[in-house]
Amino acid sequence: MATEIRVPALGESVVEATVGQWFKEVGDAVAVDEPLVELETDKVTVEVPAPVSGVLSDITVNPGDTVEVGAVLGAIADGDGKSAAPATKTKPAKPAPATTKAEAPAPLPDVELKALEREPYIREEIEPDAMPPSPAARKLLAETGLAPGDIAGSGRRGQVLKGDVIAGTAKALLTRKKAPKPAPAPRAPVAQSDEKREERVRMTRLRQTIAKRLKEAQDNAAMLTTFNDVDMSAILKIRKEYREAFEKRHGVKLGFMGFFVKACVHALKEIPAVNAEIDGQDIVYKNYYHVGVAVGTERGLVVPVVRNADELSLAEIEEQIADFGARARDGKLGLEEMQGGTFTISNGGIYGSMLSTPILNAPQSGILGMHRIEERPVVRDGQIVARPMMYLALSYDHRMVDGKEAVTFLVNVKESLENPARLVLDL
Amino acid sequence: MSKFDLVVIGTGPGGYVCAIRAAQLGMKVAVVEKRATHGGTCLNVGCIPSKALLHASEAYADAADHFGDMGIKVKPELDLAAMLAFKDEGVKDNVDGVAYLLNKNKVDHFHGTGRILGTGKVEVTFINGEKQVVEGKAVVIATGSEVAHIPGIEVDEKRIVSSTGALSLPEVPKRMVVIGGGYIGLELGSVWSRLGSNVTVVEMLNTITPGLDGEVAKQLQRILQKQGLTFKLGAKVTKVDTKGKTVKLTIELASGGKAEELTCDVVLVSIGRVPNTEGLGLADIGVELTRGRVVVDGNFQTNVAGIYAIGDVIDGPMLAHKAEEEGVAVAEILAGQAGHVNYEVIPSVVYTAPEVASVGRTEEQLKDEGVSYKVGKFPFTANGRAKVNRTTDGFVKILSDETTDRVLGVHIIGPDAGTMIAEAAVLMEFGGSTEDLARTCHAHPTLNEAIKEAALAVDKRPIHM
Chain A
335 MATEIRVPAL GESVVEATVG QWFKEVGDAV AVDEPLVELE TDKVTVEVPA
385 PVSGVLSDIT VNPGDTVEVG AVLGAIADGD GKSAAPATKT KPAKPAPATT
435 KAEAPAPLPD VELKALEREP YIREEIEPDA MPPSPAARKL LAETGLAPGD
485 IAGSGRRGQV LKGDVIAGTA KALLTRKKAP KPAPAPRAPV AQSDEKREER
535 VRMTRLRQTI AKRLKEAQDN AAMLTTFNDV DMSAILKIRK EYREAFEKRH
585 GVKLGFMGFF VKACVHALKE IPAVNAEIDG QDIVYKNYYH VGVAVGTERG
635 LVVPVVRNAD ELSLAEIEEQ IADFGARARD GKLGLEEMQG GTFTISNGGI
685 YGSMLSTPIL NAPQSGILGM HRIEERPVVR DGQIVARPMM YLALSYDHRM
735 VDGKEAVTFL VNVKESLENP ARLVLDL
Chain B
4 MSKFDLVVIG TGPGGYVCAI RAAQLGMKVA VVEKRATHGG TCLNVGCIPS
54 KALLHASEAY ADAADHFGDM GIKVKPELDL AAMLAFKDEG VKDNVDGVAY
104 LLNKNKVDHF HGTGRILGTG KVEVTFINGE KQVVEGKAVV IATGSEVAHI
154 PGIEVDEKRI VSSTGALSLP EVPKRMVVIG GGYIGLELGS VWSRLGSNVT
204 VVEMLNTITP GLDGEVAKQL QRILQKQGLT FKLGAKVTKV DTKGKTVKLT
254 IELASGGKAE ELTCDVVLVS IGRVPNTEGL GLADIGVELT RGRVVVDGNF
304 QTNVAGIYAI GDVIDGPMLA HKAEEEGVAV AEILAGQAGH VNYEVIPSVV
354 YTAPEVASVG RTEEQLKDEG VSYKVGKFPF TANGRAKVNR TTDGFVKILS
404 DETTDRVLGV HIIGPDAGTM IAEAAVLMEF GGSTEDLART CHAHPTLNEA
454 IKEAALAVDK RPIHM
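If you're matching them up, the sequences are chains A and B in order.
Start counting the first sequence at 335; every next residue gets the next number (the numbering used here).
Start counting the second sequence at 4; every next residue gets the next number (the numbering used here).
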């Protein structure tokens, strides 16, 4: 008896993944929970473990295929792998439409039939125990690009019926879909001699998601940036003085991020609008402080979230960030670790950035940009002196955050960093 | 040269339905058919003629065996030639009907053999040898299947017949051997058994009608044995000797033992069907096949752009209604709609007496898949209508998900099962539960009440048991 290997639930809002490496071949013995195959999602790479022990009897998807949550990846048969004859590696007989178009041959130049111009409709996978929409409703849903959950069903046990889709389409389309996007203009032709020297690389799923999210943030928010600078002398002094003691006591290096997270949480408590989001007609002020810390990896930027940062000690924050950084580089961050942030800190300074305007991590209302620390001449008590300075940037959504609030927030962060005693005294 | 939106090769149930649906959607459609008549295997030499003979032979058997019980005294006399003519007229009515429908939908037909030259180009060779190229933006291969042969056993359609020959035997054979215990063998075996032949079915597997729910298959075998059919299961025909006046078959049991010899007048070879892809030029244009079947994607498109395939030539059960569904789906897909076939809900029917019909998964499949399920069964002996009609052989069996109660499979062996199964298919398309079925009012007295009672039986509360 064979057990199917299926794509596991990948976290909220993640519906599909790209198949990566298979660690096992057909015929190999596998133990329960042993990793079988890698799936690359919008955010992380997850390993799918063997649901049972046995012999990998079938691989139905190949690296590069797109699979939806719940789709079959392969199968495990009973046995110990020694006696079992390896089954032949089969290609999926009827792969989901989404996966098959990837390498569709070029359409006929003169064909006008609509099917040959468009991507196939993707039918929403229905949970096996859920009440599926009626057959006609399912077809309509696929054609309008809606999910069953978008429509309130009036049938038995909440079933979505054809009439529900017809009645709901107009309404749902208004909220979900704007006017159909015009197809992106094809790239302008390039001189042949240049074309040879170009390289064409398919965007990874992570890169595509980053692109989409950033553009969405730009399209939706009324985004602008305010700047300030901060004298890092005090922080550098503390680091120098307590670095060894801190590391000895807590087993983690005393970095900058802990101070910045603390300073931001302190300022967020003062200016709640920077820790908010818009939901329809309402502004939701979140009285919890989940601070996302942008981490650059080889595959792109990921933003793990330090949860309830207001309740954590500096050491605990540093510890979490160090752990995130290490795991982000290995692509081992869990999806849930990157969700639910209320504010974000992005540090371009580690790459040497002097000044930048970060883009909001939607739907959050604020993001702090850190930059490089540099000795710069400043005037203190009428004297020009060299001080370790950093420019700070706060991009904010002007729909909810007023200019005064944004500036006050940034000044508050600056003051906390310049006088860390304020953090201790909660001033 | 003509230019079409769609060229369909083959006008069986898949092809002609596809053509009509495409025409409804505003496409300019051509069909290519190598037979003189439309309708493919199903209408010409398959489902339709066999149903005519099943109907007529059942009436004959009823007249002989059951009319007396109802107080009708007759002594039926068989006029086989007239019965075959009755069948042929039925076939003609049906194939003419398809021609009418194609004309009504302004579908152009080309009667000749189609060969695909490349994307959008089909060469038709007419019977007189002339050739014409028909051009279409999309081409659908709907060429169906043909009878599978056993190496070394040559079908002459006289004494060694395929299903085609078995529809037109000029006289009732005294003894008939059917090789293959699938639905075709059982249906045609039943026909000739009812008309007086001594029929033996030889099947290589240990069960007849493989793929049916095990309990149903066993019951069917018991009933057919009662009707006079003999079964040799787990047995293989190793030699067919046609030299003498009678045909001699050598049979070996899989379990071993001495080879056995059977003597008969006619052998029906019904071991299955193979996809019909010969002469289409698929290899020349690079259309991918696996195990003889054309490989298609979720849109029924082959690996060659613009060339699609449906029905028996692609994967899945070789059933007319499955092909029809695919024909509609591909036409809708070509028109830019979300055409789709739900392979979970394709009913299948064996037209023996009683009929066997099923939709969804069998108990064996659910066990294999490790699904937790509930079973409800109800026998026709407890159904009022079946009782008065004295057609009490059989039962209804419903399988549902243990947690959600959603119906996963319905299996009926009994009178008119093929008609009754539609109720279950509709329910399953809507994802209904056995309770939904049990709470739907069923007319009394009808055979369908047995389905409702089986649904109640899932919840251990049938009324009439």
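For glycine and all other residues, C-beta sits at the position ideal for the given N, C-alpha and C.
Since the structure is predicted, the reported quantities are computational estimates derived from the model, not experimental observations.
Mind checking residue 545 of chain A: buried by the 16 CB within 10 Å criterion, or exposed?
-> Answer is exposed; the Cβ neighbour count stays below 16.
Any residues in the stretch 425 to 457 of chain B with a beta carbon nearer than 7 Å to a beta carbon of chain A? Which ones, in chain order?
-> From the stretch 425 to 457 of chain B, only 432, 433, 434 and 439 have a Cβ closer than 7 Å to chain A.
So which residues of chain B does residue 490 of chain A contact, with C-beta pairs closer than 7 Å?
-> Around residue 490 of chain A, the beta-carbon contacts reaching into chain B at under 7 Å are 439.
Nearest to residue 407 of chain A by CA position, among A/371, A/413 and A/389, is which residue?
-> Nearest to residue 407 of chain A by C-alpha distance, out of A/371, A/413 and A/389, is A/371.
Could you give the distance in angstroms between the alpha-carbon of residue 681 of chain A and the alpha-carbon of residue 528 of chain A?
-> Roughly 36 Å between the two C-alpha positions.
Scan the stretch 320 to 347 of chain B for residues whose Cβ lies nearer than 9 Å to a Cβ of chain A and list them as they occur along the chain.
-> Contacts with chain A (Cβ-Cβ distance below 9 Å) from the stretch 320 to 347 of chain B involve 333, 335, 336, 337, 338, 339, 340, 341, 342, 343, 345 and 346, listed in chain order.
Quick one: using the 10 Å Cβ neighbour count with 16 as the cut-off for buried, is residue 654 of chain A buried or exposed?
-> Burial call: buried.
Between the stretch 462 to 479 of chain A and chain B, which residues of the former have CB atoms less than 9 Å from a CB of the latter, in chain order?
-> Listed in sequence order: 462, 463, 464, 465, 466, 467, 468, 469, 472, 473, 474, 475, 476 and 477.
Could you tell me whether the stretch 95 to 102 of chain B touches the stretch 249 to 268 of chain B, using the rule of 3 or more Cβ pairs below 8 Å?
-> Between the stretch 95 to 102 of chain B and the stretch 249 to 268 of chain B, the count of Cβ pairs shorter than 8 Å is below three; the stretches do not touch.
Can you tell me the Cβ-Cβ gap for residue 146 of chain B and residue 283 of chain B, rounded? I've got them flagged as a contact below 8 Å.
-> Contact holds; Cβ gap of about 6 Å.
Would you report the Cα separation of residue 469 of chain B and residue 30 of chain B, rounded to the nearest angstrom?
-> Nothing about residue 469 of chain B can be read from this structure; chain B reaches only from 4 to 468.
Chain A contact for residue 4 of chain B (CB, 8 Å cutoff) | Its pLDDT being 47, under 50, residue 4 of chain B is placed unreliably by the model, and nothing is read from it.
Length of the line joining the Cα atoms of residue 8 of chain B and residue 105 of chain B | About 16 Å.
Cα-Cα separation, residue 628 of chain A to residue 379 of chain B = Distance between the alpha carbons of residue 628 of chain A and residue 379 of chain B is about 57 Å.
Segments of 3+ residues assigned as beta strand (DSSP E) that fall wholly inside the stretch 155 to 197 of chain B | Listed in chain order, the complete beta strand (DSSP E) runs (minimum 3 residues) inside the stretch 155 to 197 of chain B are 178 to 182.
Reduced DSSP secondary structure (H/G/I, E/B, other) of residue 693 of chain A | Three-state DSSP puts residue 693 of chain A in coil, outside helix and strand.
Span of the alpha helix (DSSP H) around residue 369 of chain B = First-last of the alpha helix (DSSP H) with residue 369 of chain B: 366 to 372.
How big is the Cα-Cα spacing for residue 343 of chain B and residue 467 of chain B?
-> Answer to the nearest angstrom: the Cα atoms are 40 Å apart.
Cross-chain neighbours of residue 493 of chain A in chain B, by beta carbon under 8 Å | Simply 433 and 434.
Counted within 10 angstroms of its Cβ, other Cβ atoms place residue 444 of chain B as buried (16 or more) or exposed | With fewer than 16 other Cβ atoms within 10 Å, it is exposed.
From residue 119 of chain B to residue 125 of chain B, what does the alpha carbon distance come to, in whole angstroms?
-> Approximately 4 Å between the Cα atoms of the pair.
Nearest to residue 780 of chain A by alpha carbon, out of A/367, A/375 and A/373?
-> The structure shown has nothing for residue 780 of chain A, since chain A only spans 335 to 761.
Neighbourhood of residue 417 of chain A by C-beta distance below 7 Å, restricted to the same chain and skipping five residues each side | With a pLDDT of only 40 at residue 417 of chain A, under the threshold of 50, the placement of this residue in the model should not be trusted, and no figure is reported.
Option in B/222, B/397, B/433 and B/375 with minimal Cα separation from residue 496 of chain A | Of the candidates B/222, B/397, B/433 and B/375, the one whose C-alpha sits nearest the C-alpha of residue 496 of chain A is B/433.
Does DSSP put residue 344 of chain A in a helix, a strand or coil?
-> Coil.
Would you call the CB atoms of residue 354 of chain A and residue 337 of chain A closer than 8 Å?
-> No; because the gap between Cβ atoms is not below 8 Å, this pair is not in contact.
Residue 445 of chain A at chain B interface by Cβ criterion, 8 Å | Its pLDDT being 40, under 50, residue 445 of chain A is placed unreliably in this model, and the coordinates cannot settle the point.
Do residue 393 of chain B and residue 68 of chain B have their CB atoms nearer than 8 Å?
-> No; because the gap between Cβ atoms is not below 8 Å, this pair is not in contact.
When DSSP labels each residue in this structure, what does residue 742 of chain A get in the three-state scheme?
-> In the structure shown, residue 742 of chain A adopts helical secondary structure according to DSSP, grouped into three states.
Tell me the DSSP bridge mates of residue 723 of chain A?
-> The partner list for residue 723 of chain A (beta bridge, DSSP) reads A/565 and A/708.
At which residue ranges does the stretch 356 to 440 of chain B contain complete alpha helix (DSSP H) runs of 4 or more residues, listed in the order of the chain?
-> Fully enclosed alpha helix (DSSP H) runs of 4 or longer: 366 to 372, 387 to 392 and 420 to 432.
Determine the contact status of residue 430 of chain B and residue 376 of chain B, defining contact as a CB-CB distance below 8 Å.
-> Residue 430 of chain B places its beta carbon 8 Å or farther from that of residue 376 of chain B.
Exposed unless 16 or more other CB atoms sit within 10 angstroms - verdict on residue 6 of chain B = Exposed, since its Cβ has fewer than 16 Cβ neighbours within 10 Å.
DSSP-derived helix/strand/coil call for residue 124 of chain B = In the displayed model, residue 124 of chain B falls within a strand according to three-state DSSP.
In whole angstroms, what is the alpha-carbon distance linking residue 271 of chain B and residue 254 of chain B?
-> Taking the straight line from one Cα to the other gives about 15 Å.
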